[in-house]
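In what follows, a structure is listed as structure tokens, so that the remarks can point back to it.
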Amino acid sequence: MKKRAVAAAALAVAVGLPLAGNAVAGPHDVPGTAGAATVTDTPEPTRPAFYEPPASISSTPGTIIRSEPAPLLLDPFDLSSSVVTATRVMYSSTDGDGTPIAVTGTVFVPKTAYSGSSARPLISYAPGTQGMGDKCAPSRQMESLVEYEGIGITPNVARGYAVAIIDYQGLGTPGTHSYMARKPQGQAVLDMARAVQNLQGSGITKANPVGLMGYSQGGGAVAAAAELAGSYAPELNIKGSAIGAPPADLAKVGANIDGTTYSLFALFATLGVATAEHVDTKPYLNAQGQELASKVEGDCVFDLFSYANLDSSKYTTSGKKLKELLDEEPFKTAIADQRIGKLKPNAPVQINHSIGDDVIPYGVGKQLGSDWCDKGARVTFNAGVVPTHVGGMPGHIAKSMVFFEDRFAGRNQLSSCWRL
10 MKKRAVAAAA LAVAVGLPLA GNAVAGPHDV PGTAGAATVT DTPEPTRPAF YEPPASISST
70 PGTIIRSEPA PLLLDPFDLS SSVVTATRVM YSSTDGDGTP IAVTGTVFVP KTAYSGSSAR
130 PLISYAPGTQ GMGDKCAPSR QMESLVEYEG IGITPNVARG YAVAIIDYQG LGTPGTHSYM
190 ARKPQGQAVL DMARAVQNLQ GSGITKANPV GLMGYSQGGG AVAAAAELAG SYAPELNIKG
250 SAIGAPPADL AKVGANIDGT TYSLFALFAT LGVATAEHVD TKPYLNAQGQ ELASKVEGDC
310 VFDLFSYANL DSSKYTTSGK KLKELLDEEP FKTAIADQRI GKLKPNAPVQ INHSIGDDVI
370 PYGVGKQLGS DWCDKGARVT FNAGVVPTHV GGMPGHIAKS MVFFEDRFAG RNQLSSCWRL
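Adding 9 to a residue's 1-based position in the sequence shown gives its number in the working numbering.
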């Protein structure tokens, strides 16, 4: 219990806003659609009605399906409404196969005028690891618990930016969350920006500049969005992407964390990628493994220490460790398909990564920067000195604020490509 309390405290330095069966098959099994099943066939707890997708979802990404005032735990008497409007939204996006899905999230729009030289900027914000269970969705955490991404949202709102934080595919909505799956995560980030433009009363139009921001899982989602934007959402006025500790190479990340304190993240990724890539995990898991996977379906990041130093070989039919399975088919190809760095971002990017990151190897972030430089992108790479994955987040946020101020003012970034 003590370890879990320490974990919760460390991850929630980010107190919320101080402003106040079978693998996925048919269309009815796609996460984010009505009645979708989980990859383990584990029944999901009853969710609030807001999170149940309609029977038919618009094929136009960014369409607002529904919206309502967002209840915030730290603001039960609506005191922040004098300075910011908080709205919970459900909007249309697409999964990795192009199927229309519903994604939820929260939009914050300051009521004070923006004093910068441009129209009010919009930050489409991708959160770090929340978990797999629907209760872990940021929009639900803000209502019933404390959402650690408040540490990143707050300074953006304080600068007068509108901020829209996504919940991801299947996180909050039916089906397994497609954790670490490149295309659905990146597309959800881009479609949230479109959704805010379509949200009545947001004041955000196609003319408003857009920034993309995320750390850890969010860093991977934003990196994917930056690559996909040119073809998937070319109309968005994206000025830059601030990317922290991006898991751009899941094979290396998985090998680094299997059997460590962060074993739970490897389990999340296995289920999430299997969902997105239609891999049936059952033949590879023994009875204990299937029971473990079913349990993981409902867990959140704060359950981290319950799985610390897990010996994954005890849960596979072959007796191989998870990192060994991920290097064999069908997982090898599924993991390779999530590799980020193969496409050129559509705008300047900043990558922030701690040298002492104990979850996502520093070399993974540096290699992403190098890959993008080879494609002619403008990349600013910052090596953080504060150790650990959690420790690198505050520095990423501080550097991101400077990056966005420069980008929204029209100033170019120094390139780091000469040293990558």
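Glycine residues also receive a C-beta, built at the ideal position from the N, C-alpha and C atoms.
Measure from the alpha carbon of residue i to the alpha carbon of each residue in the options, then state which is nearest.
i: L81; options: T72, T69, T96 and S68; result: T96
i: Q376; options: I349, T397, Q209 and V395; result: I349
i: L423; options: V394, G374, P403 and I360; result: I360
i: P370; options: T163, S148, K261 and I174; result: K261
i: S303; options: P62, A111, T185 and S67; result: T185
i: A128; options: S89, I213 and P70; result: I213
i: Q194; options: S124, A238 and L429; result: A238
i: E8; options: T325, V282, D200 and R191; result: Look at the range of the chain in this structure, 10 to 429, and you will see that residue 8 is not part of it.
i: A9; options: G114, G125, W381 and W427; result: Nothing in the structure corresponds to residue 9, since the chain is present only between 10 and 429.
i: S124; options: D104, G169 and N165; result: G169
i: G419; options: I247, N265, F311 and P396; result: I247
i: G140; options: S76, D267 and G281; result: G281
i: T389; options: G378, D383, P396 and T55; result: G378
i: L334; options: T279, F311 and I110; result: T279
i: T342; options: V395, H287 and K291; result: H287
i: F59; options: P52, T69 and I73; result: I73
i: S68; options: S102, S89, E61 and E53; result: S102
i: V368; options: P62, L245, G223 and L259; result: L259
i: G71; options: E152, S90, T94 and D104; result: D104
Where does residue i land, buried or exposed, given buried means 16+ other C-beta within 10 angstroms?
i: F413; result: buried
i: G44; result: exposed
i: V92; result: exposed
i: A21; result: Because A21 carries a pLDDT of 32, less than 50, the predicted location of this residue cannot be relied on, and the following value inherits that uncertainty. Classification of A21: buried, given that the 10 Å Cβ count is 16 or more.
i: S240; result: exposed
i: D320; result: exposed
i: V98; result: buried
i: G137; result: buried
i: N421; result: exposed
i: P57; result: exposed
i: G393; result: buried
i: P192; result: Note that residue 192 is Lys in the sequence shown here, rather than Pro. Burial call: buried.
i: S65; result: exposed
Thinking residue i and residue j are a contact (beta carbons under 8 angstroms), I'd like their distance in whole angstroms, please.
i: F277; j: V305; result: 7 angstroms
i: G142; j: G298; result: So it is not a contact: roughly 19 angstroms between Cβ atoms.
i: G107; j: R149; result: Not confirmed; about 27 angstroms, so no contact.
i: T175; j: V198; result: For the record, residue 175 in the displayed sequence is Ile; it is not Thr. Confirmed, Cβ separation roughly 6 angstroms.
i: T284; j: S187; result: 5 angstroms
i: L331; j: G229; result: Actually they do not touch by this definition, with Cβ atoms about 19 angstroms apart.
i: H398; j: D346; result: That belief does not hold up - the Cβ atoms of H398 and D346 are roughly 24 angstroms apart, past 8 angstroms.
i: Y100; j: A204; result: 4 angstroms
i: V358; j: A386; result: 6 angstroms
i: G374; j: P255; result: 6 angstroms
Under a CB-based cut-off of 9 angstroms, is residue i close to chain C?
i: T270; result: No chain C appears in this structure, which consists of one protein chain only.
Check: Which residue spans inside the region 318 to 379 form an unbroken alpha helix (DSSP H) run of at least 4?
Finding: 331 to 334 and 340 to 345
Check: Quick one: any contact between the region 264 to 279 and the region 351 to 359, if contact means 3 or more CB pairs under 8 angstroms?
Finding: no
Next item on the list: At 3 residues or longer, and completely inside the region 117 to 156: list those beta strand (DSSP E) runs for me, N to C.
Entry: 131 to 135
Note to self: So, does the region 202 to 221 touch the region 119 to 138, judging by three or more C-beta pairs under 8 angstroms?
What the structure shows: yes
Note to self: Taking 8 angstroms as the cut-off, does the region 236 to 256 touch the region 393 to 413 (at least 3 CB pairs, one atom from each stretch)?
What the structure shows: yes
Checklist line | Any 3 or more C-beta pairs closer than 8 angstroms across the region 157 to 164 and the region 38 to 57 | finding: no
Note to self: When you compare the region 102 to 118 with the region 46 to 55, are there three or more beta-carbon pairs, one atom per stretch, that lie closer than 8 angstroms?
What the structure shows: no
Note to self: Report the start-end ranges of each alpha helix (DSSP H) in the region 154 to 202 that is 4 residues or longer and not cut off at the edges.
What the structure shows: 159 to 167
Next item on the list: Scan the region 202 to 277 and note each continuous alpha helix (DSSP H) run of 4 residues or more that stays entirely inside, going in chain order.
Entry: 226 to 241 and 259 to 266
Item checked: Length-filtered (3 minimum) beta strand (DSSP E) runs lying within the region 53 to 107 -> 73 to 78 and 93 to 103
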